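Undergrad: With this note's numbering, you'll find the sequence shown wraps up at 442, consecutive numbering, no jumps.
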Amino acid sequence: MRQEPCLGEVPAARRGARTPGGPTAGTRLAAIDGLRLVAALAVAAYHYAGTTTPHFWGSHDPKQFAPALHEISRYGWLGVEFFFMISGFVICMSCWGRSPVQFVVSRVSRLFPAYWCAVLLVIALVLTARLAHLQAATPIDLRTVLGNLTMVPGSLGLDLIDGVAWTLWVEARFYLLMAVMLFFGLTYRRMIAFCGTWLTLAIVSRELHSAVLDEIFISQYAGLFITGIALYLMHRFGQNLVLWLLAGIAWCYELTVLNDRVAGHTVRPADGGALSWAVCAAVLTFFLVVLALAGSGPLARLRWRWLVTAGALTYPFYLVHQSIGIPVAKGLLQKVPALGVLPSMAVALAFSLLLSAVIHRTVDGPLGRVLRRHLTRGMSPRQRPAATTAPDRDAPRGPRPQLPALAGRTTGPGPQPCASGVGNGAGSDGGNRPVPSG
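#1: Have a look at Leu357 and Leu212 and give me their C-alpha separation to the nearest angstrom.
#2: May I ask you to report which of helix, strand or coil DSSP gives Ile165?
#3: Excluding five sequence neighbours on each side, which residues of the same chain lie with their C-beta closer than 6 Å to the C-beta of Ala46?
#4: At what residues does the alpha helix (DSSP H) containing Val340 begin and finish?
#5: How about Met185 and Arg194: are their beta carbons less than 8 Å apart?
#6: Specify, as a first and last residue, the run of the alpha helix (DSSP H) that Pro302 falls within.
#7: Between Arg114 and Gly372, is the Cβ-Cβ spacing less than 8 Å?
#8: Quick check on Leu131: buried or exposed, where buried means 16 or more other Cβ atoms within 10 Å of its Cβ?
#9: Using CA coordinates, which residue listed in Asp163, Pro71, Asp65, Phe93 is at the minimum distance from Ala298?
#10: Could you pull the start and end residues of the alpha helix (DSSP H) that Tyr257 belongs to?
#11: Just the C-alpha distance for Gly158 and Gly369, rounded to the nearest angstrom, thanks.
#12: Ala215 to Ser209, Cα distance in whole Å?
#13: Applying the criterion that 16 or more other CB atoms from any shown protein chain within 10 Å of the CB defines a buried residue, is Thr231 buried or exposed?
#14: The ligand ZN heavy atoms versus the CB of Val266: any closer than 7 Å?
#15: Using 10 angstroms around the beta-carbon of Phe229, count the other beta-carbons present and answer buried if the total reaches 16, otherwise exposed.
#16: If you check the beta carbons only, do Asp65 and Val126 fall under 8 Å apart?
#17: Find out if the Cβ-Cβ distance for the pair Ile36, Ile95 is shorter than 8 Å.
#18: Using only the alpha-carbon positions, how far apart do Ile222 and Gln326 sit?
#19: In the structure shown, what three-state DSSP assignment does Ser159 receive?
#20: Return the chain-ordered list of same chain residues with a C-beta closer than 6 Å to the C-beta of Val345, the five sequence neighbours on each side being excluded.
#21: By Cβ distance below 8 Å, which residues in the same chain neighbour Gly200 in space, the five residues on each side in sequence not counted?
#22: Please state whether DSSP places Arg102 in a helix, a strand or coil.
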């Protein structure tokens with residue numbers, strides 16, 4: 005029976021957890037890859053059938069043609085919260101044993117290639133619509149394009165070309181906090197202190213109603229990231245009272261501030277009235293339980309390879325399902341009205357999954373590897389040797405100066421006495437042993 009650590013005791017890492025050298029063989033949690041795709045599909049369900057936003061479907065109202073699907077899909081936006089919880093788990097796992105430079109390089113090379121590709125695809129779609137004299141839902145200009153390529157257009161006061169990309173700025177701020185922690189080195193106690201301090205500062209920022217502190221400490225979503233971190237620490241070190249207290253307090257905080265998000269998704273009476281906070285809290289708690297089972301429960305033993313593939317497609321699918329998929333569905337409805345809305349949605353979802361596979365295979369993987377290699381070189385450049393002035397070969401050469409002979413110098417072969425004239429003193433040893441440097 006494994007003994008649980010005391011409150012002040014640092015637990016030893018469990019076998020199979022990540023070591024300072026990086027991930028060990030067989031430690032990939034396939035179930036968590038699958039959960040990422042579940043979260044992405046939940047968000048897609050919300051965008052396709054859970055909202056009655058006119059510019060999505062025009063006169064087609066999901067509440068009318070699929071009322072049951074609409075009622076369920078209205079809660080699909082909670083997939084974003086699930087993403088943030090999973091991110092807390094996965095990013096803490098990927099950080100362990102890495103330097104700040106390695107972490108930054110891995111995040112940049114992982115996020116930007118697929119994002120740039122998605123932005124360029126949306127731009128191409130908008131330009132094609134303009135050439136066909138069709139109205140595009142996404143107005144763009146050069147300034148908007150340049151700002152979106154930074155991945156933080158909202159902070160620059162610009163519209164998002166890809167509407168779902170607002171979550172990437174939330175993730176980026178979390179990455180920044182983790183990068184700061186990496187400068188101190190990740191340990192069990194430091195992560196506990198970090199999470200406790202972060203949660204306290206998030207609470208203070210809400211108390212002060214400070215927009216600046218809210219941005220820095222991500223007060224709206226801090227509880228989700230911290231809960232994910234606590235679940236990873238349970239996976240790595242085993243469960244104990246400290247970690248359960250941390251996860252429990254962070255979860256109580258998050259369910260409390262969840263009311264702001266619930267209110268933000270019930271502003272349109274046409275969507276079917278107010279969402280239930282109790283239902284949202286129950287759904288999010290269910291996600292928490294599933295993630296805990298995937299990290300330290302029976303789901304952690306799953307080794308289905310297709311789940312790993314599903315996890316790899318999640319990020320590009322998330323980027324294109326709305327900005328590319330919905331225009332595809334609308335185009336099908338315009339060209340083939342008899343097809344109907346639901347079949348058009350199904351085709352658009354399938355197309356988005358296929359496109360995400362193409363992006364992963366041709367852009368995300370190859371360009372990510374190239375970017376990672378060059379970023380690694382750029383972060384640790386080799387110093388060029390200092391330039392030296394070559395001697396002028398045409399300059400006249402004079403006679404070599406004669407050096408004065410040293411006392412006791414012999415001219416024959418064999419070990420020579422040192423310049424001080426001490427034959428076998430310290431450092432010479434009769435000429436048979438080299439002088440140790442330093």
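Note that the Cβ used here is the ideal one computed from N, Cα and C, for glycine as well. Quick caveat: nothing in here was measured; it's all calculated off a predicted structure.
TA: So, from the listed chains and residues:
#1: 43 Å
#2: coil
#3: Gly80, Gly83
#4: Segment: none, Val340 is in no alpha helix (DSSP H) and carries neither H nor E.
#5: yes
#6: It is not in any alpha helix (DSSP H) - Pro302 carries neither H nor E in the DSSP assignment.
#7: yes
#8: exposed
#9: Phe93
#10: 245-268
#11: 27 Å
#12: 8 Å
#13: buried
#14: Among the components modelled here there is no ligand, and therefore nothing to report on the ligand ZN.
#15: buried
#16: no
#17: no
#18: 25 Å
#19: helix
#20: His64, Phe69
#21: Leu250
#22: coil
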